[in-house]
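Protein chains in written order, with my numbering: chain V, 1 to 412; chain W, 413 to 824.
Protein chains: 2
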Amino acid sequence: MKKASIVSIGNELLNGQTVNTNTTYLSSGLLSSGIPVVSSYIISDDVDAIIRVFDLAVADADIVLVTGGLGPTDDDLTRQAFAGYLGTELQLQADLLGRLENFFTRRSLRMPDKNKIQAYIPAGAKPIENSLGTAPGIMAEVKGKLIFALPGVPSEMKRMFAESVLPELQRFTGGQALVVRKLRCFGAGESTIAELLGAACQRGRNPLVNCTVESGIITLHIIASSKEKNAARQMAEKEEKQIRNILGELVYGTAEQSLAQVVGEKLTRKEKTLAVAESCTGGIVAKLLTDIPGASKYFTHGWITYSNAAKTAELGVAADLIEKYGAVSEPVAQAMACCARKKARSDFAIGITGIAGPDGGTEQKPVGLVYISVDSDNCCDTKRCLFSHDRQSIRIRAAQTALNMLRLKLNI
Amino acid sequence: MKKASIVSIGNELLNGQTVNTNTTYLSSGLLSSGIPVVSSYIISDDVDAIIRVFDLAVADADIVLVTGGLGPTDDDLTRQAFAGYLGTELQLQADLLGRLENFFTRRSLRMPDKNKIQAYIPAGAKPIENSLGTAPGIMAEVKGKLIFALPGVPSEMKRMFAESVLPELQRFTGGQALVVRKLRCFGAGESTIAELLGAACQRGRNPLVNCTVESGIITLHIIASSKEKNAARQMAEKEEKQIRNILGELVYGTAEQSLAQVVGEKLTRKEKTLAVAESCTGGIVAKLLTDIPGASKYFTHGWITYSNAAKTAELGVAADLIEKYGAVSEPVAQAMACCARKKARSDFAIGITGIAGPDGGTEQKPVGLVYISVDSDNCCDTKRCLFSHDRQSIRIRAAQTALNMLRLKLNI
Numbered sequence: 001m002k003k004a005s006i007v008s009i010g011n012e013l014l015n016g017q018t019v020n021t022n023t024t025y026l027s028s029g030l031l032s033s034g035i036p037v038v039s040s041y042i043i044s045d046d047v048d049a050i051i052r053v054f055d056l057a058v059a060d061a062d063i064v065l066v067t068g069g070l071g072p073t074d075d076d077l078t079r080q081a082f083a084g085y086l087g088t089e090l091q092l093q094a095d096l097l098g099r100l101e102n103f104f105t106r107r108s109l110r111m112p113d114k115n116k117i118q119a120y121i122p123a124g125a126k127p128i129e130n131s132l133g134t135a136p137g138i139m140a141e142v143k144g145k146l147i148f149a150l151p152g153v154p155s156e157m158k159r160m161f162a163e164s165v166l167p168e169l170q171r172f173t174g175g176q177a178l179v180v181r182k183l184r185c186f187g188a189g190e191s192t193i194a195e196l197l198g199a200a201c202q203r204g205r206n207p208l209v210n211c212t213v214e215s216g217i218i219t220l221h222i223i224a225s226s227k228e229k230n231a232a233r234q235m236a237e238k239e240e241k242q243i244r245n246i247l248g249e250l251v252y253g254t255a256e257q258s259l260a261q262v263v264g265e266k267l268t269r270k271e272k273t274l275a276v277a278e279s280c281t282g283g284i285v286a287k288l289l290t291d292i293p294g295a296s297k298y299f300t301h302g303w304i305t306y307s308n309a310a311k312t313a314e315l316g317v318a319a320d321l322i323e324k325y326g327a328v329s330e331p332v333a334q335a336m337a338c339c340a341r342k343k344a345r346s347d348f349a350i351g352i353t354g355i356a357g358p359d360g361g362t363e364q365k366p367v368g369l370v371y372i373s374v375d376s377d378n379c380c381d382t383k384r385c386l387f388s389h390d391r392q393s394i395r396i397r398a399a400q401t402a403l404n405m406l407r408l409k410l411n412i
Numbered sequence: 413m414k415k416a417s418i419v420s421i422g423n424e425l426l427n428g429q430t431v432n433t434n435t436t437y438l439s440s441g442l443l444s445s446g447i448p449v450v451s452s453y454i455i456s457d458d459v460d461a462i463i464r465v466f467d468l469a470v471a472d473a474d475i476v477l478v479t480g481g482l483g484p485t486d487d488d489l490t491r492q493a494f495a496g497y498l499g500t501e502l503q504l505q506a507d508l509l510g511r512l513e514n515f516f517t518r519r520s521l522r523m524p525d526k527n528k529i530q531a532y533i534p535a536g537a538k539p540i541e542n543s544l545g546t547a548p549g550i551m552a553e554v555k556g557k558l559i560f561a562l563p564g565v566p567s568e569m570k571r572m573f574a575e576s577v578l579p580e581l582q583r584f585t586g587g588q589a590l591v592v593r594k595l596r597c598f599g600a601g602e603s604t605i606a607e608l609l610g611a612a613c614q615r616g617r618n619p620l621v622n623c624t625v626e627s628g629i630i631t632l633h634i635i636a637s638s639k640e641k642n643a644a645r646q647m648a649e650k651e652e653k654q655i656r657n658i659l660g661e662l663v664y665g666t667a668e669q670s671l672a673q674v675v676g677e678k679l680t681r682k683e684k685t686l687a688v689a690e691s692c693t694g695g696i697v698a699k700l701l702t703d704i705p706g707a708s709k710y711f712t713h714g715w716i717t718y719s720n721a722a723k724t725a726e727l728g729v730a731a732d733l734i735e736k737y738g739a740v741s742e743p744v745a746q747a748m749a750c751c752a753r754k755k756a757r758s759d760f761a762i763g764i765t766g767i768a769g770p771d772g773g774t775e776q777k778p779v780g781l782v783y784i785s786v787d788s789d790n791c792c793d794t795k796r797c798l799f800s801h802d803r804q805s806i807r808i809r810a811a812q813t814a815l816n817m818l819r820l821k822l823n824i
């Protein structure tokens, strides 16, 4: 089985300014391709230190993925270190220079002189195209091992990994079998899900079931390994079926699917439309919905009625309702959803009102209290939630809960 | 100047399940104490691999901080590896065993047999108290270098670092002083800013100026070191003044300030209000504004007019304007801002319309084209932008650019 090592380069990773999410992304992507990562190094922008770590990583593994240090500034030194490691010199590549100049010309910008260095790569190495930014990647095969240097900017790195690195790796690793399936769940905590799954979550099992949590979304990674790809796939599929049986509607999707994406697909399939009226979430539901390309098919209207006056003037929520029950109340959440649906003439509408904190809470209505309504032509469902943690967690949890309520409604 | 290296242990860090936030936390804490981190290693739960990395880290630095692998299960092997590195054996510490038993008794629990291993530490090392969990830390001084092993659970690690490690480090490093100041900039790329700053960004200088980028926001880290805290502070302040002189209005704030926060402070100070009308950003401007507690003081109304019908019905943008120029055009962005300001009766309003992609672009109006208007009682400014990268980058850059336009307008 081929193994990989990851090298991250950049002072910002060593002075606590930047969380190294690239390594997490690459580790996960490599494992999904059947390549376990055995070590990971972070090193500062220093040519000698980088060369030394190249040595270590190449000793550890068959594949080395390097990120960072390909920018145009003086402290971007991966290019020079890569040449140093190979024992060669940097060479200007005319076609890379042309592409760089083009990048700036198309944007009607003058190319800063500093960027010219990005057209150089070590002799004997190959450039990797960057379809998003100016820094090309670099790849070289040395003594039967593959080394890739990718930009540190996450969007550029991810695109280059998917478009250029993965195909090279598939060629390089041949017929090794590891199948990873991901199930995404919402509506119960990690420990509840672990309890429901019982033995399936035990370590050392094959398939192995790993559990990660983010913003209330629980991702189950089912990792099956076998000598044969087909056998591994069957094991993973069988495990997935069992888990789906146990968890039922808690499972909302697979792989990287977001709740907004699943909701969008259901709305598209049923040819239904959606409007949202948000108070405490202040646009997060709309943002999550419009993260998905093509959301305009089903999402047409959003209101952020942050003030009481806006709730009344823009949505038509009765002022005496707000006066009587308070802006954070079940009747106001219902009215927001109901009015939004009428104004937008949509099939569904979400209304959210709550107290995101840190201030503004009382004993009766504490910080974290959120009312969420989903209105449709036959009924308006409302949920009273009490979320914990900080302002951001309360807001994102409220937004996700609203989308999940709509998802369950769309299942009927 | 004493230097540190960080070693993180655990398979979960190498298979993409867990983002390594411990390293970020420790790096930042060490740097604030005047100890730069020069390298960081992640290694799996394997005794030989851990010992090998101990060697590397001790060669790199004067202080080595190890996290993870101190739990009670069979794959927690840091204790054994630490003993192996020191060339000694694990020894049972009676007082640690007593404390462990106490931990469980106080919670009316039986201590699982597996936990007993946590009362063992290498001969010649010292235990570090864990006031939150069961895993004591371990510390040893070897050939004038300090090695600390801390639990991997972030809350326990952080508490132990603050309570026990920092005092030891202060004793160890003597009177070294390092002052870090951060400036945040928006409106120019990394290479342009580096060119403007010229020599200030050179490596090896003191103060050192480091540059990091996220969502178009550039953070300059000014790091000044000196034997005296006061001297370091003066050096950092002088450098900050020079940089501010050079960059002018490109600098929008300090430390962790977001653009939305700075805009919110300016609006509050001037007692002005703001409304937003978003199309392609789909709620991101509103989300950024309402991320800030107390935003209700100045932000009252938001519209997400994702469809043309919504632009007309909710904002009152003339339908023939949309027909004539298209929804993505300067006149429509202006009308959105202008109508939003009138409807919300606010002092300022932002209007955004564009093509976030990946589909929907044409030769005349490519993906990434965004018109942003900021309307006030005396004028309406509009910017035509062409953003690159993917849908998410285009959306977030457009939202930040809108906030930056408003910031500059509020400076007048």
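Every residue, glycine too, gets a C-beta built ideally from N, C-alpha and C. Bear in mind the structure is a predicted one, so any value in this text is a computation, not a measurement.
State yes or no: is the beta carbon of residue i nearer than 7 Å to at least one beta carbon in chain W?
i                 : result
Val37 of chain V  : yes
Leu220 of chain V : no
Tyr120 of chain V : no
Val328 of chain V : no
Thr78 of chain V  : no
Tyr85 of chain V  : no
Tyr440 of chain V : With chain V covering 1 to 412 only, the question about residue 440 of chain V has no answer from this structure.
Ser215 of chain V : no
Pick from the options: whose alpha carbon is nearest that of residue i?
i                 : options                                   : result
Val786 of chain W : W:Ala722, W:Gly480 and W:Lys795           : W:Lys795
Leu700 of chain W : W:Met748, W:Arg807 and W:Ser758           : W:Arg807
Pro155 of chain V : W:Ala612, W:Glu626 and W:Phe560           : Per the sequence shown, residue 155 of chain V should be read as Ser rather than Pro. Checking every option, the nearest Cα to that of Ser155 of chain V belongs to W:Glu626.
Met523 of chain W : W:Ala611, W:Gly480, W:Gly510 and W:Thr631 : W:Gly510
Ile218 of chain V : V:Glu256, V:Lys3 and V:Glu363             : V:Glu256
Pro331 of chain V : V:Val370, V:Lys409 and V:Gly189           : V:Val370
Gly601 of chain W : W:Asn823, W:Ser576, W:Ser800 and W:Leu822 : W:Ser800
Arg341 of chain V : V:Gly368, V:Gly302 and V:Ile243           : V:Gly302
Asn514 of chain W : W:Gln654, W:Arg617 and W:Ser543           : W:Ser543
Check whether the Cβ atoms of residue i and residue j lie closer than 7 Å to each other.
i                 : j                 : result
Ala589 of chain W : Ser638 of chain W : yes
Glu726 of chain W : Thr712 of chain W : no
Leu100 of chain V : Ala119 of chain V : yes
Leu26 of chain V  : Leu56 of chain V  : no
Gly282 of chain V : Ala814 of chain W : no
Ile418 of chain W : Thr435 of chain W : yes
Leu562 of chain W : Met572 of chain W : yes
Ile223 of chain V : Leu247 of chain V : no
Ile322 of chain V : Asn308 of chain V : yes
Asp789 of chain W : Lys684 of chain W : no
Gly769 of chain W : Arg803 of chain W : yes
Ala739 of chain W : Thr774 of chain W : no
Would you say residue i reaches chain V, if we count a Cβ-Cβ gap shorter than 7 Å as a contact?
i                 : result
Val744 of chain W : no
Leu659 of chain W : no
Asn514 of chain W : no
Ser638 of chain W : no
Tyr453 of chain W : yes
Please check the pair residue i and residue j, which I expect to be a contact at CB under 8 Å, by giving their CB distance rounded to whole angstroms.
i                 : j                 : result
Val47 of chain V  : Gln80 of chain V  : 5 Å
Val38 of chain V  : Leu426 of chain W : 7 Å
Arg819 of chain W : Val674 of chain W : 6 Å
Pro122 of chain V : Phe82 of chain V  : 5 Å
Ile421 of chain W : Thr490 of chain W : 5 Å
* Along the segment 668-699 of chain W, what residues have a CB closer than 7 Å to any CB found in chain V? -> Gly694, Gly695, Ile696, Ala698 and Lys699
* Pull out every residue of the segment 53-76 of chain V whose Cβ sits closer than 9 Å to any Cβ of chain W, in chain order. => Val53, Leu56, Asp60, Gly71, Pro72, Thr73, Asp74 and Asp75
* To do: With 7 Å as the C-beta to C-beta threshold (strictly closer), list the residues of the segment 368-388 of chain V near chain W in chain order.
  => none
* Asked: When you check each C-beta in the segment 591-610 of chain W against every C-beta of chain V, which residues fall closer than 7 Å?
  -> Glu602, Ser603, Thr604, Ala606 and Glu607
* To do: Below 9 Å between beta carbons is the criterion; list the residues of the segment 711-725 of chain W that meet it against any residue of chain V, in chain order.
  => Phe711, Thr712, His713, Gly714, Trp715, Ile716, Thr717, Tyr718, Ser719, Ala721, Ala722 and Ala725
* Using a beta-carbon distance cut-off of less than 9 Å, what residues from the segment 8-23 of chain V approach chain W? -> Ser8, Gly10, Asn11, Glu12, Leu13, Leu14, Asn15, Gly16, Gln17, Thr18, Val19, Asn20, Thr21 and Thr23
* Can you give me, in chain order, the residues of the segment 112-137 of chain V that have a beta carbon less than 9 Å from any beta carbon in chain W? => Pro112, Asp113, Lys114, Asn115, Leu132, Gly133 and Thr134
* To do: Pull out every residue of the segment 799-813 of chain W whose Cβ sits closer than 8 Å to any Cβ of chain V, in chain order.
  => Ser800, His801, Asp802, Arg803, Gln804, Ser805 and Arg807
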